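In my numbering, the protein residues as written are 1 to 347.
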């Protein structure tokens with residue numbers, strides 16, 4: 001029965017009106033707005049994190065967020081920009097909607113009480129400004145996802161900790177396949193982590209996080225009381241946890257930007273107006289994770305017509321001056337998918 005039908009049926013008596021009020025309370029839903037604001041700072045991919053007032057020292061990091069108010073905000077994006085400006089003083093540039101996160105228990109309270117919170121996540125790209133404050137800071141996203149950083153080869157945390165425990169988890173008795181989880185655990189390890197003959201796909205950031213959550217290996221699973229997490233003994237920390245499900249939202253944002261830079265020139269939203277090709281390469285490496293072959297990268301960028309020389313050079317200490325380039329905006333009119341189509345290597 002719909003709420004409207006239920007309300008019509010029960011509006012004839014005071015008792016029925018009370019029942020209708022209870023129905024409204026049960027069905028209450030709040031809309032939240034979350035922003036994963038990403039930049040590259042000193043060759044490191046960073047995300048802007050905020051901390052609740054009064055918890056600057058000990059509180060968990062979170063993404064900037066706030067409720068959507070249809071009376072104050074004409075659009076969802078206007079509401080998002082308002083909350084970000086109030087919490088950080090930052091005026092956002094490039095913004096795109098990511099995903100809607102609506103699982104029950106996202107903002108868990110004792111007894112899972114309170115209204116259901118549905119959050120609309122956004123990806124924003126910017127150039128980081130000055131330092132930090134008590135309320136916000138820039139944090140490397142590899143602090144939260146250390147297994148995603150392949151710039152110096154395969155992360156030791158994968159070989160020494162994650163992979164052995166995932167293999168042990170995959171061998172435990174598991175429910176039979178279902179429509180929402182049609183593949184076996186061992187197959188998920190192959191697809192997400194490149195085990196059992198698979199290959200590492202840098203875009204599957206969210207899938208890897210969800211698998212680690214399901215296996216009970218990260219703090220959020222233990223915090224949420226997941227059965228898999230309670231079955232392990234003491235575990236070392238796998239990256240920095242965040243409030244609510246904000247690390248899941250950040251994983252979604254990282255996967256999106258890693259995919260998008262290959263078919264849209266959004267990488268230049270993270271660059272200064274003028275840059276060297278080395279600076280561009282280091283920024284792409286920071287986002288994707290692995291190291292890229294220098295000469296191959298330069299040939300790819302120049303042959304794709306993504307950049308043009310400014311005619312100026314930048315002096316380098318102890319080396320030859322480096323040419324300065326800028327994004328060639330005409331490429332947007334020349335072909336439909338002008339991205340940095342790199343194929344990350346492992347060396």
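Every residue gets a Cβ at the ideal spot worked out from N, C-alpha and C, and that includes glycine. Since we're looking at a predicted model, the values are computed, not measured.
- Taking a contact to require three or more Cβ pairs closer than 8 Å, the region 116–130 and the region 92–100 qualify as touching.
- For residue 136, the enclosing beta strand (DSSP E) begins and ends at 136–140.
- Rounded to the nearest angstrom, the Cβ distance from residue 158 to residue 170 is 15 Å, too far for a contact under 8 Å.
- CA-CA distance, residue 290 to residue 143, rounds to 16 Å.
- Judged by DSSP secondary structure, residue 46 falls within the beta strand (DSSP E) whose first and last residues are 44–50.
- Each residue's CA atom was taken as its position, placing residue 66 and residue 240 some 22 Å apart.
- Judged by pairs of C-beta atoms under 8 Å, the region 248–264 does not touch the region 304–322, as fewer than three such pairs exist.
- Judged by DSSP secondary structure, residue 331 falls within the alpha helix (DSSP H) whose first and last residues are 331–334.
- Between the C-alpha atoms of residue 31 and residue 79 there is a straight-line separation of about 11 Å.
- Between the alpha carbons of residue 182 and residue 303 lies a distance of about 42 Å.
- Take the alpha-carbon of residue 28 and the one of residue 86: they are about 26 Å apart.
- The bridge partners DSSP lists for residue 181 are 178.
- Straight through space, the alpha carbons of residue 281 and residue 334 are spaced by roughly 23 Å.
- Within the DSSP bridge table, the entry for residue 306 names no partner.
- In this structure, residue 243 lies away from residue 69, with their beta-carbon atoms at least 8 Å apart.
- Between the C-alpha atoms of residue 151 and residue 73 there is a straight-line separation of about 42 Å.
- Comparing alpha carbon positions, the residue from 323, 292, 37, 148 closest to residue 340 is 292.
- Residue 35 and residue 186 have their alpha carbons spaced roughly 34 Å apart.
- Across the set 162, 252, 49, the C-alpha of 49 shows the shortest separation from the C-alpha of residue 89.
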